[in-house]
Amino acid sequence: MSERISKLSLRTLGYTVLIIGGLLMAFPLVWMISSSLKLPDKIFSIPVQIIPNPVRFQNYLEAAELAPLGRYFFNSVFVGLAITASTLFFSTMAGYGFAKYKFWGRNVLFIMVLSTLMIPFQVIMIPLFVIVRNFGWLNSYQGLIIPACISAFGVFLMRQYILTIPDELMDAARIDGASEPGIFWHVILPLCKAPMTALGIFTFLDSWNNLLWPLIVITKVELRPLALGLTEYQTVHGTQYHYLMAAATMATIPILIMFIFLQRQFIRGVLLSGMKG
Amino acid sequence: MSTSRSFRSFMMVSLLIIASLLLAACAPVAQPTQAPAQPAATEAPAQPAATEAPAQPTAAPSGEKTKIVFWSHDFPPREKLDRKFMDQFMADNPNVEIEYVLGPGDDVQYITKLMTAFAGGEAPDCFNLITFSTGPLLEQGLVAPVDPKVYGFNTQDELEKTYVIGTLEGFKKDNVLYAMPSEVSIYSLFQNKQMYADAGLDVEKDYPKTWEDLVPLAQKMNKEENGQLVKRAFDFTYGMPEDATSPVLSVAGMAYQLGGKLLSDDGKESLVNTEPWVKSFQFIQDWVYKEKAGNPALTVAFVDFYQGNTAGTLSGSWYSSYVKEQNPAVAEQIVVKPFPQWKDATNKNGALMYAYGLFTNAGSSPEKQAACQLLIKELSSHPEDYLRDAGLLQSRADLPETEAFKQDPTLPVFLADMEGTPYFPAHPKAFEMLDVLTRALQRVVTEQQDPQASLDAAKAEIDALLQQQ
Amino acid sequence: MATSPTEHRSRWNFYTRRQIWGFIFVLPVMIFFTIFAFYPMLSAFYYSLTDYNLLKPPVFNGLASYERLLTDSRFLIALKNTFVYAIGSAIPIFVISLGLALVFSREFRGRNLLRTLYFAPVILAGVVVAMVWRVIYHPYGPLNSTIGQLLNIAPNWLTDRAVAPWSIIGINVWQSVGFYMIIFIAGLQAIPQDFYDAAKVDGASSWQSFWHVTLPLLKPTSLFVMVITLINCFQAFTYQYVMTKGGPSDATNVIGLYVYQNAFQYLRMGYAAAISVVLFIIIIILTLVQLRVTRSEEVSYV
Chain A
252 MSERISKLSL RTLGYTVLII GGLLMAFPLV WMISSSLKLP DKIFSIPVQI
302 IPNPVRFQNY LEAAELAPLG RYFFNSVFVG LAITASTLFF STMAGYGFAK
352 YKFWGRNVLF IMVLSTLMIP FQVIMIPLFV IVRNFGWLNS YQGLIIPACI
402 SAFGVFLMRQ YILTIPDELM DAARIDGASE PGIFWHVILP LCKAPMTALG
452 IFTFLDSWNN LLWPLIVITK VELRPLALGL TEYQTVHGTQ YHYLMAAATM
502 ATIPILIMFI FLQRQFIRGV LLSGMKG
Chain B
275 MSTSRSFRSF MMVSLLIIAS LLLAACAPVA QPTQAPAQPA ATEAPAQPAA
325 TEAPAQPTAA PSGEKTKIVF WSHDFPPREK LDRKFMDQFM ADNPNVEIEY
375 VLGPGDDVQY ITKLMTAFAG GEAPDCFNLI TFSTGPLLEQ GLVAPVDPKV
425 YGFNTQDELE KTYVIGTLEG FKKDNVLYAM PSEVSIYSLF QNKQMYADAG
475 LDVEKDYPKT WEDLVPLAQK MNKEENGQLV KRAFDFTYGM PEDATSPVLS
525 VAGMAYQLGG KLLSDDGKES LVNTEPWVKS FQFIQDWVYK EKAGNPALTV
575 AFVDFYQGNT AGTLSGSWYS SYVKEQNPAV AEQIVVKPFP QWKDATNKNG
625 ALMYAYGLFT NAGSSPEKQA ACQLLIKELS SHPEDYLRDA GLLQSRADLP
675 ETEAFKQDPT LPVFLADMEG TPYFPAHPKA FEMLDVLTRA LQRVVTEQQD
725 PQASLDAAKA EIDALLQQQ
Chain C
4 MATSPTEHRS RWNFYTRRQI WGFIFVLPVM IFFTIFAFYP MLSAFYYSLT
54 DYNLLKPPVF NGLASYERLL TDSRFLIALK NTFVYAIGSA IPIFVISLGL
104 ALVFSREFRG RNLLRTLYFA PVILAGVVVA MVWRVIYHPY GPLNSTIGQL
154 LNIAPNWLTD RAVAPWSIIG INVWQSVGFY MIIFIAGLQA IPQDFYDAAK
204 VDGASSWQSF WHVTLPLLKP TSLFVMVITL INCFQAFTYQ YVMTKGGPSD
254 ATNVIGLYVY QNAFQYLRMG YAAAISVVLF IIIIILTLVQ LRVTRSEEVS
304 YV
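Chains as they are written, first to last, in the numbering used here: chain A, 252 to 528; chain B, 275 to 743; chain C, 4 to 305.
Next comes the structure, spelled out in structure tokens:
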């Protein structure tokens with residue numbers, strides 16, 4: 252009896268903590284949306300007003316008038332998808348190579364790949380700019396996509412995950428006569444859905460919010476991604492916070508929806524067909 | 275298993291995308307690369323083209339089109355005007371094509387973009403730049419002097435006379451003028467007359483003429499609720515990120531009023547730990563800790579003014595239109611008063627000046643430079659429009675005669691403050707010096723460090739910078 | 004973790020047809036990094052031996068930048084702040100994100116909604132984060148009005164030298180836990196149910212099950228989270244840039260921001276590169292240590 256009570260109170264405590272934490276997580280999102288509907292002088296008002304009064308949907312229209320948000324949105328989506336597709340494929344392939352094969356120099360090469368994460372972008376920016384310029388990719392989609400289309404983060408993540416896949420699966424496929432690339436395509440890839448979904452989300456997000464590289468590589472307005480577009484509301488003589496929040500909301504909500512949709516990939520149960528349960 | 279199949283089709287699609295991208299990347303480059311990279315960026319510093327300035331007051335050589343790239347920073351009201359005048363210019367000069375690039379409003383991001391372009395050989399032909407960052411360009415001879423002939427004058431002196439004396443100093447090196455102002459700025463005292471009325475005061479009679487006046491004013495106007503300071507008579511700028519004004523210009527102005535200076539006359543030593551600076555820093559420290567009249571942790575005055583909770587802030591002429599946009603009700607209450615003075619000031623000056631100037635890249639081809647000089651002349655020929663529509667002061671001497679100027683009662687105050695006020699030096703290390711002083715001020719107002727100690731440290735830092743020259 | 008007989012023969016022979024495939028799979032990535040990563044990195048290493056102000060070509064000056072680093076108090080402060088920031092963030096991030104992943108791997112009402120909420124901060128752009136936390140951290144803002152009232156404190160979260168670094172760590176933890184939670188969830192999903200069933204049959208409690216089944220099998224994922232968290236935190240500078248610009252007076256200045264300031268505000272790219280090299284060495288050592296310590300070569304489930 253007492254055990255049941257203590258279990259119940261533990262549960263309630265757990266729920267409470269979780270919900271309070273959830274509120275802390277949600278509050279900024281709510282504040283952003285609420286600010287996007289406020290008059291500018293009410294945004295930073297203390298105490299915080301959650302319900303705007305009056306509600307100004309015009310902020311969205313006016314923000315969109317000041318900058319071609321639709322175009323920026325398209326750019327971010329296009330560049331994001333391209334980078335994500337490329338990263339997913341090459342990261343998984345390389346992760347597989349590093350995890351399940353023993354070739355000479357494997358560890359050194361892996362450390363080298365990992366090391367690319369360890370140097371701040373600010374100091375490699377200039378040489379990278381020169382390289383991209385020499386390829387003729389300044390002010391182009393290639394310039395935005397290609398330097399980012401493979402990520403060491405992705406290679407690392409997929410390697411760690413693929414390490415946990417039993418060798419037996421691959422051996423079984425070999426005995427059945429599968430080729431090495433075939434094993435990658437038919438055995439490994441389907442098993443990597445969860446980490447690939449995670450990697451896909453992160454890569455897309457990273458490219459969505461990336462500011463520094465597009466800043467220096469693009470001068471044409473038509474190529475601007477949304478992250479750069481947001482800076483347009485931070486003019487040299489003061490920031491237009493209400494438009495900034497409206498544009499940021501428009502930039503954020505689609506990602507949130509995408510995530511809600513992709514969550515299903517996580518709960519879609521059994522991954523190792525035939526090996527589990 | 276169907277999920278695996280759809281997953282694999284996703285992979286196929288991804289591979290197709292990647293393949294097409296690779297094809298696109300390998301395809302012959304269609305876009306014409308910018309005209310031959312400025313050699314100056316990759317070779318020894320170019321000699322200033324001063325002596326051979328070829329510009330006549332006519333259009334660039336006819337025949338092929340001259341394409342120039344012009345960068346400016348983000349400010350929609352000015353952008354509109356820029357485009358209007360550029361279209362006019364291109365109509366009048368059909369063989370010049372201008373590519374107008376807008377960079378971020380944040381000065382640091384703008385510099386990042388500009389310097390990367392210089393380093394990578396993709397620098398623009400003409401560009402707008404704040405005086406804090408022009409030092410290195412001036413030092414390396416990377417910008418071309420202004421050609422007075424383009425403006426119909428024979429000498430630079432004659433050109434300068436058409437501007438308010440002293441307002442072009444920020445663009446000069448060794449007395450040569452390298453840019454025309456896109457906007458000139460000085461901080462004066464913005465006041466909210468409604469808040470004065472609410473406190474039973476009259477802004478015209480009771481505004482702070484001296485720094486010492488600020489303290490009793492704060493005692494009368496500051497309001498506390500539950501131990502929270504909800505209304506302030508005035509607050510200083512403390513260098514917080516969302517503040518578009520710099521604290522250093524104001525406190526330097528205070529020091530200069532007492533006879534202080536940033537650098538010694540030979541430029542080899544900094545004088546920031548002298549009495550005038552210490553006294554100014556001490557005043558601000560007392561404002562925060564002794565009088566408790568202001569606080570760097572509170573909402574910055576730049577924002578709180580338009581929220582209607584702070585009655586006084588130091589800002590430039592461009593602030594009026596910003597307030598109008600953020601809160602029209604407060605905008606109607608704006609009165610601008612002169613930058614306060616010390617009771618026993620030695621000099622009468624305002625906050626140190628800064629400006630944004632239109633520069634020509636000395637590494638561009640002569641045709642492009644000529645086109646740039648003409649473009650800059652065009653953009654400098656409509657000071658009234660920039661004043662009326664964008665709130666920007668281009669300090670032409672005849673500006674006070676214009677309608678737009680006469681209609682705005684705040685403008686004469688700014689011009690009056692500019693008289694006798696020097697620029698923050700356009701030193702190659704200017705940006706870094708600003709940083710040193712901002713940190714020194716922050717030490718004084720957030721951890722109550724002794725101003726003399728803080729400024730001694732600042733002097734040491736700045737001296738080290740000067741030695742690197 | 005047995006190996007099959009066929010593999011035993013060919014284990015370390017580079018010339019076996021099969022192992023070459025590993026190399027082939029890895030090749031595209033290596034080529035890419037050579038062009039877009041290793042070459043720029045080498046350039047950066049070269050810059051650290053030069054005086055480079057971006058407006059003229061770099062001028063070789065040997066180890067001058069490194070000598071300067073030794074006596075640069077701003078660098079040493081930034082270094083200390085970076086360590087505090089990285090370790091102060093990494094531990095809470097690791098613990099909380101793992102905890103969240105465990106909680107969210109069970110079914111309960113409202114799970115999907117809550118999981119989405121915990122992920123929501125991850126997608127917010129830097130400017131939004133800066134604005135909203137400025138409001139939260141305001142002396143009269145929601146934080147001081149609620150928790151502050153309870154605990155009877157009212158610190159200046161962003162202007163008090165002692166508190167400001169921790170305020171920013173708080174923002175980092177807040178925005179990161181959702182991210183790593185997802186990674187842990189993916190890692191947890193890979194652990195076959197069989198192990199848990201077997202443990203239950205053996206009479207293990209949930210806690211024992213976690214300690215003896217989950218944690219060991221989660222090693223590769225844990226290693227990933229730890230390494231990446233540290234790498235990211237050591238280079239971080241966005242929060243500091245938008246919330247305090249490193250202030251007040253370098254209290255929150257970190258190496259990432261100091262590098263940026265030197266490179267583009269002070270136009271001292273050579274010095275910035277030297278700082279980056281030092282940072283690089285620190286991170287590589289830390290990472291190698293972590294890789295060694297966990298030594299998670301093969302943790303597959305048989």
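Ideal Cβ positions, reconstructed from N, Cα and C, are used throughout, including at glycine. For clarity, every value in this text was computed on a predicted model and none was experimentally measured.
Nearest-angstrom Cα separation, counted from residue j out to residue i
{"i": "Ala67 (chain C)", "j": "Thr53 (chain C)", "result": "8 angstroms"}
{"i": "Met360 (chain B)", "j": "Ala418 (chain B)", "result": "21 angstroms"}
{"i": "Gln192 (chain C)", "j": "Thr255 (chain C)", "result": "38 angstroms"}
{"i": "Gln268 (chain C)", "j": "Asp517 (chain B)", "result": "18 angstroms"}
{"i": "Glu543 (chain B)", "j": "Thr74 (chain C)", "result": "21 angstroms"}
{"i": "Thr548 (chain B)", "j": "Glu443 (chain B)", "result": "25 angstroms"}
{"i": "Leu462 (chain A)", "j": "Gln196 (chain C)", "result": "42 angstroms"}
{"i": "Leu475 (chain B)", "j": "Ala734 (chain B)", "result": "45 angstroms"}
{"i": "Gln243 (chain C)", "j": "Ile126 (chain C)", "result": "18 angstroms"}
{"i": "Val438 (chain A)", "j": "Thr335 (chain A)", "result": "21 angstroms"}
{"i": "Ile439 (chain B)", "j": "Thr634 (chain B)", "result": "23 angstroms"}
{"i": "Thr340 (chain B)", "j": "Ala645 (chain B)", "result": "8 angstroms"}
{"i": "Gly272 (chain A)", "j": "Tyr121 (chain C)", "result": "8 angstroms"}
{"i": "Lys446 (chain B)", "j": "Pro371 (chain A)", "result": "36 angstroms"}
Contact set for residue i: own chain, Cβ-Cβ below 6 angstroms, skip 5 residues either direction
{"i": "Gly533 (chain B)", "result": "Pro550 and Thr620"}
{"i": "Ser669 (chain B)", "result": "Tyr437, Val438, Thr441 and Val458"}
When the options are compared against residue i, the one with the closest alpha-carbon
{"i": "Gly348 (chain A)", "options": "A:Ala314, A:Phe278, A:Gln309 and A:Ile434", "result": "A:Ile434"}
{"i": "Phe63 (chain C)", "options": "C:Val296, C:Tyr49, C:Leu220 and C:Ser108", "result": "C:Tyr49"}
{"i": "Asn56 (chain C)", "options": "A:Ile377, A:Gln411 and A:Leu463", "result": "A:Ile377"}
{"i": "Phe349 (chain B)", "options": "B:Ser595, B:Met528, B:Gly513 and B:Asn635", "result": "B:Ser595"}
{"i": "Tyr336 (chain C)", "options": "A:Pro298, A:Ile270, A:Thr503 and A:Leu280", "result": "Examination of residue 336 (chain C) is not possible in this model, given that chain C is present from 4 through 305 alone."}
{"i": "Met707 (chain B)", "options": "B:Leu537, B:Pro683, B:Ser591 and B:Glu432", "result": "B:Leu537"}
{"i": "Val343 (chain B)", "options": "B:Leu740, B:Val424, B:Leu355 and B:Val370", "result": "B:Val370"}
Cut-off 7 angstroms between Cβ atoms - residues of its own chain near residue i, not counting five sequence neighbours on either side
{"i": "Thr490 (chain A)", "result": "Tyr484"}
{"i": "Ile96 (chain C)", "result": "Val176, Ser179, Val180, Tyr183 and Thr232"}
{"i": "Pro422 (chain B)", "result": "Asn428, Thr429, Gln430, Glu432 and Leu433"}
{"i": "Thr297 (chain C)", "result": "Lys222 and Leu226"}
Residue i in three-state terms, based on DSSP
{"i": "Gln681 (chain B)", "result": "helix"}
{"i": "Gln493 (chain B)", "result": "helix"}
{"i": "His347 (chain B)", "result": "strand"}
{"i": "Leu545 (chain B)", "result": "coil"}
{"i": "Ser589 (chain B)", "result": "strand"}
{"i": "Gly509 (chain B)", "result": "The identity of residue 509 (chain B) in the sequence shown is Asp, whereas the question assumes Gly. Residue state, collapsed to three classes: coil."}
Close Cβ partners of residue i (< 8 angstroms) along its chain, the five nearest in sequence each way excluded
{"i": "Phe406 (chain B)", "result": "Asp381, Tyr628, Phe698, Ala700, Ala704, Phe705 and Leu708"}
{"i": "Thr367 (chain A)", "result": "Ala403"}
Check: residue i C-beta below 7 angstroms from any heavy atom of the ligand SAM
{"i": "Met229 (chain C)", "result": "With respect to the ligand SAM, the structure offers nothing, as it holds no ligand at all."}
Exercise for the section: Pull out every residue of the segment 715 to 742 of chain B whose Cβ sits closer than 7 angstroms to any Cβ of chain C, in chain order. Expected result: Against chain C - using a Cβ distance shorter than 7 angstroms - the residues of the segment 715 to 742 of chain B are Gln716, Arg717, Thr720 and Glu721.
Exercise for the section: Quick one: which residues of the segment 457 to 469 of chain B get their C-beta closer than 8 angstroms to a C-beta of chain A? List them in chain order. Expected result: Answer in chain order: no residues at all.
Handout entry: Residues from the segment 607 to 620 of chain B in contact with chain A, defined by Cβ distance under 7 angstroms
Key = Among the residues of the segment 607 to 620 of chain B, none has a Cβ less than 7 angstroms away from any Cβ of chain A.
Practice task
With 9 angstroms as the C-beta to C-beta threshold (strictly closer), list the residues of the segment 364 to 379 of chain A near chain C in chain order.
Solution key: Correct list: Val364, Leu365, Ser366, Thr367, Leu368, Met369, Ile370, Pro371, Phe372, Gln373, Val374, Ile375, Met376, Ile377, Pro378 and Leu379.
Problem - Residues, ordered as in the chain, of the segment 115 to 129 of chain C that lie near chain A by beta-carbon distance below 9 angstroms - result: For the segment 115 to 129 of chain C, the set of positions with a beta-carbon nearer than 9 angstroms to some beta-carbon of chain A reads Asn115, Leu116, Leu117, Arg118, Thr119, Leu120, Tyr121, Phe122, Ala123, Pro124, Val125, Ile126, Leu127, Ala128 and Gly129 in chain order.
Exercise for the section: Give the residues from the segment 480 to 496 of chain A that approach chain B closer than 9 angstroms (Cβ to any Cβ), ordered along the chain. Expected result: Those residues of the segment 480 to 496 of chain A that come within reach of chain B (Cβ to Cβ, closer than 9 angstroms) are Thr482, Glu483, Tyr484, Gln485, Thr486, Val487, His488, Gly489, Thr490, Gln491, Tyr492 and His493.
Handout entry: Contact set between the segment 237 to 248 of chain C and chain B, restricted to residues whose Cβ is under 9 angstroms from the partner
Key = Under the 9 angstroms Cβ criterion, the segment 237 to 248 of chain C contributes Tyr244, Val245, Met246, Thr247 and Lys248.
Exercise for the section: Could you please tell me which residues of the segment 387 to 401 of chain A, in chain order, have their CB closer than 8 angstroms to any CB of chain B? Expected result: From the segment 387 to 401 of chain A, only Gly387, Trp388, Leu389, Asn390, Ser391, Tyr392, Gln393, Ile396, Ile397 and Cys400 have a Cβ closer than 8 angstroms to chain B.
Exercise for the section: With 8 angstroms as the limit, tell me which residues of the segment 377 to 397 of chain B have their beta carbon closer than that to any beta carbon of chain C; keep them in chain order. Expected result: Those would be Val382, Ile385, Thr386, Met389, Thr390, Phe392 and Ala393, in chain order.
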